[in-house]
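Here's the structure we're looking at; comments come further down.
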Amino acid sequence: MKLSSIEASFNPHGLRALIVDHNPTSLDLLSKMLQVYRYQVTQCRRPREALSLIRNGQSKFDIVISGVNFSSDMNGVQFLEIINCETDLPVVIVSADDRKDTIIECVKKGACAYLQKPVKMEDLQLLWQHVARKEMLRFRQMKHIDSVENGEPDSSNGGEDKEFCGSSDGGPVLVDRRRKDREDEQDKVERKKQRLVWTDELHQLFLDAVEQLGINSLNSLDQSIKAVPKKVLELMNVPWLTRENVASHLQKYRLNLKKQSGHVQESIPVPTSDSGVSIGSHDELFQTTPLVTELQAPLLLDHYYMDLGSNSILIPNDRFHDPDHS
DNA sequence: TTAAGAATAT
DNA sequence: TATATTCTTA
């Protein structure tokens, strides 16, 4: 594993989060909030369900976000214990319980963070840090193991990779850390970063922004800076979108404008084939898209008007800044 | 030093 | 082709 591949986890995009909460409403709310930052969310009502999801390995996760109070079943602290014993997934506890004892107990049992309800967007945006931290830790461990395998001197333990651990619920579990690490590494590679898809909703926001700014000045002689990526991005107000995303889209948009206006305007040269016939017709995408009504636009506009109950919201304008890009 | 816009890569 | 990334310029 190279460091660069670790750094791929230095942002929330595509991180697979398993969220566990007995209350369907807060489960749903948390899910929506996480999706704003493009976490891949799996919901779960009961800890036991969550455990079997993790154990059967069908779906992999990068982080677990759990409540503490569950009506029946096992409680959150037990759940936390078991997960920590069987896996090295980072576990974040979310609860309205602000008693110091509870918090301390959770941290003692291995919670990597304890978030007070109501959860803030900023809290969720930063959860990737816990995944990254574990990732780097694993990296160090692996380097260590490899050096032991290569017969290099080792001052600490004798290269013991197996851990024996009892669990209150399913009997003892034998974990081969080394094998698991390899699997997880493979897994990490498989977590491809998502390629942006310009959905109708997204494109409509783009169009709205461009329109507000005034159609771009095709030649830069026009002093009033109009539809430039940064401005468009700001107006669109989609937290996970990057300037580069918009720039790329804008480039294509302008190209298509040019093509289309070629039919009307003489001043702008139109690409022609050998036969002198104008080539390149319209691109569907940039034809007049039907206006998206609030009802029709599900997730995306949801982000705009999402009501988080207590204080209505909210999409923070300061987007996450990818350190890779700086 | 930032960001726009073009060119190029995937 | 659509989108991402890199390069050049301001």
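So the mapping is simple: my numbering equals the position in the first sequence, first residue as 1, plus 90.
We treat Cβ as the ideally placed atom computed from N, Cα and C, and that holds for glycine.
These figures come from a predicted structure and were not determined experimentally.
query	result
Using a Cβ-Cβ cut-off of 8 Å (strictly less than) and excluding sequence neighbours within five positions of glycine 157, which residues of its own chain qualify?	Val110, Asp111, His112, Asn113, Ser116, Gly166, Ile183, Val184, Ser185
Considering Cα atoms alone, identify which of Asp152, Leu303, Lys320, Leu170 is closest to asparagine 159.	Leu170
Alpha carbon to alpha carbon, what distance is there between glutamate 139 and alanine 222?	26 Å
Quick test of your reading: valine 336 and leucine 345, contact by CB under 8 Å. State the CB separation rounded to the nearest angstrom.	Not confirmed; about 15 Å, so no contact.
For proline 102, which residues in the same chain have their Cβ closer than 6 Å to its Cβ, ignoring the five residues on either side in sequence?	Tyr127, Tyr129, Trp218
Which first and last residues belong to the alpha helix (DSSP H) in which alanine 337 is found?	333-351
If you draw a straight line from the C-alpha of valine 197 to the C-alpha of arginine 285, how long is it?	36 Å
To the nearest angstrom, how far is it from the Cα of valine 209 to the Cα of alanine 203?	12 Å
Express the C-alpha separation of glutamine 350 and lysine 224 in angstroms, rounding to a whole number.	52 Å
Report yes if the CB atom of glutamine 302 is closer than 8 Å to the CB atom of leucine 325, and no otherwise.	yes
As a quick exercise: from Asp191, Met211, Lys199, pick the residue whose alpha carbon is nearest that of glutamine 168.	Lys199
Comparing C-alpha positions only, which one of Lys207, Leu105, His339 sits nearest to valine 287?	His339
Tyrosine 343 to glycine 147, Cα distance in whole Å?	43 Å
Is alanine 107 helix, strand or coil by DSSP?	strand
Got a sec? Which residues, its chain only, sit under 7 Å from aspartate 188 by beta carbon, not counting five neighbours each side?	Gln206
Assuming leucine 179 and valine 154 form a contact by the criterion Cβ under 8 Å, report the distance between their Cβ atoms to the nearest whole angstrom.	5 Å
Give the single residue among Lys122, Leu119, Phe100, Lys150 whose Cα lies nearest to the Cα of leucine 108.	Lys150
Which same chain residues end up closer than 6 Å to isoleucine 193 when comparing Cβ atoms and leaving out the 5 residues on each side of it in sequence?	Tyr204
What are the partner residues of threonine 132, as DSSP defines its beta bridges?	Leu108
Using C-beta distances below 6 Å, list every residue in its chain close to lysine 321, excluding the 5 sequence neighbours before and after it, in chain order.	Leu303
Note down, one range per segment and in chain order, each alpha helix (DSSP H) of at least 4 residues found wholly within the stretch 195-236.	211-215
Please work out which residues of its chain come closer than 7 Å, Cβ to Cβ, to arginine 333, disregarding the five sequence neighbours upstream and downstream, and give them in chain order.	Pro319, Lys320, Leu323
Is the distance from the Cβ of valine 181 to the Cβ of isoleucine 173 below 8 Å?	yes
Do you know how far the Cα of threonine 132 is from the Cα of alanine 201?	19 Å
Could you tell me which residues DSSP puts in a beta bridge with isoleucine 183?	Ser156, Tyr204
Hey, quick one: how far does the alpha helix (DSSP H) through methionine 164 stretch, first residue to last?	Element bounds for methionine 164: n/a, residue is neither H nor E.
The alpha helix (DSSP H) spanning alanine 140 covers which residue range?	137-146
Is asparagine 174 helix, strand or coil when you go by DSSP?	helix
When the Cα atoms are used, what is the spatial distance from serine 368 to glutamine 341?	Annotation note: pLDDT 35 at serine 368 (below 50); position unreliable, coordinate value reported separately. Taking the straight line from one Cα to the other gives about 21 Å.
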